[in-house]
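Contents: one structure, followed by commentary.
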Amino acid sequence: MAELTKDKDKAEEKAAKLADPKEASIDIASQQMIARAQQLGIETVFDRAVAMKPCNIGVQGICCKNCAMGPCRLPLPKAGIVGEDTRKGLCGATANTIAARNFARMVAAGTAAHSDHGRTVAEVFMSVARKETNDYRIKDVDKLLSIAPHFGVATTVEVDGQVKDRNLDEIALEVAEKALAEWGKAEGTLTYLKRAPQPLQEKWKKHGVMPRNIDREIVDIMHRTNMGVDQDYKNITKQASRCSLADGWGGSMIATDLQDVMFGRPTPLQSEANLGIMKQDHVNIIIHGHEPVLSEMIVAAAQSKEMVDYAKTKGAKGIQLGGICCTGNEILQRHGVPPAGTFLQQELAIVTGACEAMVVDVQCVFQNLANVAKCFHTKLITTHPMAKMEQENVVHIEFDEHHALEDAKRIVRMAIDNFQNRRAEVMIPNIKSTQIAGFGVESIEYHLGGTFRGSYYTLNDNIINGRIRGLAGVVGCNNARSQHNNAHITMMKELIKNDVLVLTTGCGGIAAGMHGLLTPETAGVYCGPGLKEVCETVGIPPVLHLGSCVDNSRILLAATEVIKAGGPWKDLSDIPAVGAAPEWMSEKAIAIGQYFVTSGVYVIFGGNLPVTGAPVFQNYLLKEIASLYGGRWDFCEDPVEMARRMIAVIDEKRKALGIDKARDRVLMDMADRQKLEA
Ligand code: NFS
């Protein structure tokens with residue numbers, strides 16, 4: 200009897216540690232798959248988030264493990280800090296120093312991830328320029344010609360007194376050399392910084408944060424935050440700013456540009472989103488990770504007649520590709536390949552039982568995928584020399600740009616061969632949404648400016664007259680510590696309801712697609728009257744999906760175009776634009792937040808920022824830093840409150856520009872009008 204009670208207790212304890220699918224996600228497809236995983240006894244991130252609580256000291260950013268005298272943990276006194284803050288590590292490091300070091304290291308890691316991705320792209324581009332590969336080519340010549348001058352590469356040449364177009368191969372080679380040099384050049388500062396508005400460049404110069412080269416700024420942080428080096432939180436933050444600029448205006452921006460050159464600039468196209476894009480009677484290949492050099496080739500291979508015919512010989516009707524995370528965004532925006540889900544849905548795509556292969560490269564890939572794949576027939580294939588998994592069921596097929604298509608075909612063939620091995624009953628949620636994705640700096644110009652006179656003038660005009668109250672970048676991850684997609688969607692709806700045009704990237708973009716916010720029809724349902732009018736006139740959704748997380752550089756450049764097109768503003772910090780990552784989890788998000796702050800933008804993060812254990816440093820990031828570049832950090836748990844704070848900042852900026860009156864006129868209601876008439 201006692202034994203039985205014990206067993207019952209254990210069973211109850213286990214059940215208590217499982218996630219409630221409805222609390223875990225607002226997406227019904229995900230809820231179904233979480234429940235299915237639980238029925239099958241397969242653990243997912245949602246269950247682990249219930250079973251394991253985060254470390255309270257780490258959450259506050261005040262654990263230092265940078266030397267072996269520690270880890271030193273500096274909890275805040277229960278009564279708060281009264282008088283002097285006497286907390287110290289063994290070496291004497293204060294809470295401010297420790298939290299600032301940890302924060303800077305997050306910026307370094309995030310910058311490294313984005314920028315190393317950029318380096319890979321630049322290296323592949325070099326192979327193209329040197330004609331060492333047949334699998335990649337220059338697809339978008341105009342884009343190459345438009346970025347060449349930023350690298351100081353001439354696109355024309357004078358022959359016998361006549362100006363002629365320069366040989367394209369020469370231009371490509373020179374751009375490749377100059378681009379790759381950005382990671383390690385010995386002198387000067389990053390070339391792309393010149394693309395920022397002049398007043399912003401002046402601020403960067405004045406405060407000494409112009410990045411020298413990409414790698415150096417990352418190394419600098421690792422050195423500076425080493426035991427016994429920089430012990431001044433302001434000086435550490437200054438380097439975090441410099442490093443973050445090497446990401447936003449360096450590695451990420453170069454990645455985006457060279458990807459556009461090789462794979463084409465995205466243009467708006469229709470697609471779908473969510474797990475329901477997988478097909479019972481097709482070979483399903485899910486591509487997950489970040490670098491499109493791999494995914495582009497898988498798309499090419501999967502669409503080849505040879506592979507489609509081969510799939511048919513195995514009894515499948517065809518091959519269905521789906522994306523997860525940012526590589527999903529890359530192939531969505533250029534090929535219309537539908538995303539199967541966001542970061543938190545990676546395990547769930549396998550739980551459908553219909554995933555023949557999941558192909559991963561780098562970043563945001565759960566090691567637990569291997570454990571989930573083991574329960575099904577799914578082949579989990581790692582492809583990057585930098586990212587392998589210890590589990591035995593994982594296959595490693597290393598991807599090499601010199602024979603990329605061959606590698607991709609091998610992977611696709613492996614998936615096709617696996618089609619007949621499905622074990623469990625297939626259960627694909629019948630849930631997906633239609634979306635329009637693939638926006639960019641150029642397409643915003645086109646859609647809001649028209650073909651005849653494409654410019655940002657129309658956008659500016661609508662900001663000035665108040666139809667568009669402001670711009671908000673809502674970007675970033677999901678985080679299993681909060682309900683999947685809830686904060687993204689709640690915040691976006693709140694913003695568009697208040698006439699704020701939303702630009703999105705990363706998993707935020709996928710979430711918006713899944714929940715139907717990326718269609719022009721959305722405007723009529725959720726938008727305030729001003730934004731609705733603009734969206735309906737030009738036929739765009741009120742939430743524009745600009746791609747992957749490295750494509751946040753597109754948001755920087757779009758905002759810069761707003762300045763260039765003219766208006767009452769001179770710098771990014773003047774325009775009514777704000778940024779948010781409501782469900783952030785990655786170090787990459789911190790790097791992005793820091794480069795937006797250093798570029799003059801108010802940035803608010805959902806949940807927690809790991810600085811709360813060091814109130815003085817926190818105050819520096821949340822308030823004082825604004826005096827340097829105009830941007831500052833904020834964080835808050837409630838997505839509606841986050842949106843309200845963003846709108847408040849937008850309204851402050853409008854007021855400072857003297858365009859708050861214009862808005863009042865547009866939004867005048869009947870009572871106001873009657874008052875006027877009287
Ligand atoms: Ni961005 Fe993209 Fe998603 Fe977050 Fe991960 S995929 S690079 S880090 S989780 S948005």
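For my numbering, add 199 to where a residue sits in the sequence shown, where the first one is 1.
Using N, Cα and C, we set each Cβ at its ideal position, and we do this for glycine too.
Quick caveat: nothing in here was measured; it's all calculated off a predicted structure.
Comparing the CB of S752 with every heavy atom of the ligand NFS, is any distance shorter than 7 Å?
Not so, every heavy atom of the ligand NFS lies at least 7 Å from the Cβ.
Is any non-hydrogen atom of the ligand NFS found closer than 7 Å to the C-beta of Q793, if you look at the structure I gave you?
Outside the cutoff, so no.
State yes or no: is the C-beta of A686 nearer than 7 Å to some heavy atom of the ligand NFS?
It does not: the Cβ of A686 is nowhere closer than 7 Å to a heavy atom of the ligand NFS.
Kindly indicate the opening and closing residues of the beta strand (DSSP E) around K363.
361-364 is the span of the beta strand (DSSP E), which, as asked, contains K363.
Suppose contacts are defined by Cβ-Cβ distances below 8 Å. Is P740 in contact with I635 by that definition?
Contact flag set, yes.
Quick one: grab the DSSP three-state call for I892.
The structure shown does not extend to residue 892, since the chain is modelled only from 200 to 877, so the question has no answer here.
Taking the alpha carbon of V561 as the reference point, which residue from V244, C290, S494 has its own alpha carbon closest?
Of the candidates V244, C290, S494, the one whose C-alpha sits nearest the C-alpha of V561 is S494.
To the nearest angstrom, how far is the alpha carbon of V865 from that of L756?
Its pLDDT being 43, under 50, V865 is placed unreliably by the model, and the measurement read from it follows with that caveat. The alpha-carbon atoms of V865 and L756 are separated by roughly 28 Å.
Where does Q519 sit, in a helix, a strand or coil, going by DSSP?
Reduced to three states, the DSSP call for Q519 is strand.
Short of 8 Å in beta carbon distance, which residues of its chain neighbour G765, apart from the five on each side in sequence? Order them along the chain.
Cβ neighbours of G765 beyond the five flanking positions: Y656, N659.
Could you give the DSSP three-state label for M177: helix, strand or coil?
The question about residue 177 has no answer, for the chain in this structure spans 200 to 877.
Expressed to the nearest angstrom, what Euclidean distance is found between the alpha-carbon atoms of C263 and A499?
One C-alpha to the other measures close to 47 Å.
Where does G857 sit, in a helix, a strand or coil, going by DSSP?
Residue state, collapsed to three classes: coil.
Residue ranges of each alpha helix (DSSP H) run of no fewer than 4 residues wholly in the stretch 717-751, ordered along the chain?
Counting only runs of 4 or more, we get 721-725, 728-737.
Need the endpoints of the alpha helix (DSSP H) that Q237 sits in, please.
Where Q237 is concerned, the enclosing alpha helix (DSSP H) stretches over 227-238.
Quick check on E505: buried or exposed, where buried means 16 or more other Cβ atoms within 10 Å of its Cβ?
That one is exposed.
I'd like the list of long-range same chain contacts for I476, defined as Cβ closer than 8 Å, with 5 residues on each side in sequence excluded.
For I476, where only same-chain residues beyond five positions count, the Cβ hits under 8 Å are Q519, G521, P537, P538, A539, K631.
Could you give the C-beta distance for G639 and R753, rounded to a whole number, given that I count them as a contact under 8 Å?
Sure, about 5 Å apart at Cβ, within 8 Å.
Taking all protein chains shown into account, decide if T466 is buried (16 or more other Cβ within 10 angstroms of its Cβ) or exposed.
So T466 ends up on the exposed side.
Apart from the five residues just before and just after A234, which ones in its own chain have a Cβ nearer than 8 Å to its Cβ?
Contacts found: P220.
Say the cut is 7 Å; is the CB of Q562 nearer than that to a heavy atom of the ligand NFS?
Yes, the Cβ of Q562 comes within 7 Å of a heavy atom of the ligand NFS.
Taking the beta strand (DSSP E) that V281 falls in, what are its first and last residues?
Neither: V281 is in no beta strand (DSSP E) and is coded neither H nor E.
Compute the minimum distance between the beta carbon of V675 and the heavy atoms of the ligand NFS, and state whether it is under 7 Å.
What sits at residue 675 in the sequence shown is Gly, not Val. It does: the Cβ of G675 is within 7 Å (strictly closer) of some heavy atom of the ligand NFS.
Less than 8 Å separating the beta-carbons of T891 and E555?
Absent from the model: residue 891. The displayed extent of the chain is 200 to 877, so no value can be given.
Check this for me: beta carbons of L743 and T703, under 8 Å apart or not?
The answer is yes: Cβ separation under 8 Å.
Taking DSSP as the reference, what is the three-state secondary structure of D459?
In the structure shown, D459 sits in a helix (DSSP, three-state: H, G or I).
Is S503 near the ligand NFS, judged by its Cβ being under 7 Å from some heavy atom?
Not so, every heavy atom of the ligand NFS lies at least 7 Å from the Cβ.
Say the cut is 7 Å; is the CB of F565 nearer than that to a heavy atom of the ligand NFS?
The answer is no for F565.
Is F638 helix, strand or coil by DSSP?
Residue state, collapsed to three classes: coil.
Is L866 helix, strand or coil by DSSP?
A caution first: L866 carries a pLDDT of 47, below 50, which makes its placement in the model too unreliable to give a value.
Measure the Cβ-Cβ separation of Q590 and A607 and say whether it is below 8 Å.
No, the Cβ-Cβ distance between Q590 and A607 is not below 8 Å.
Spell out the partners DSSP gives P538 in its beta bridges.
Beta-bridge pairing links P538 to G522.
Could you tell me whether the Cβ atoms of Y801 and R831 are closer together than 8 Å?
Yes, these two residues count as a Cβ contact at 8 Å.
Assuming contact is defined by CB atoms lying nearer than 8 Å, are I156 and D446 in contact in what I supplied?
Any answer about residue 156 is impossible in this case: the structure gives the chain only from 200 up to 877.
Could you pull the start and end residues of the beta strand (DSSP E) that W403 belongs to?
Careful: W403 lies outside any beta strand (DSSP E), inside the alpha helix (DSSP H) at 397-405.
Nearest to A790 by CA position, among I709, I417, K513, is which residue?
Residue I417 is the option with its Cα nearest to A790.
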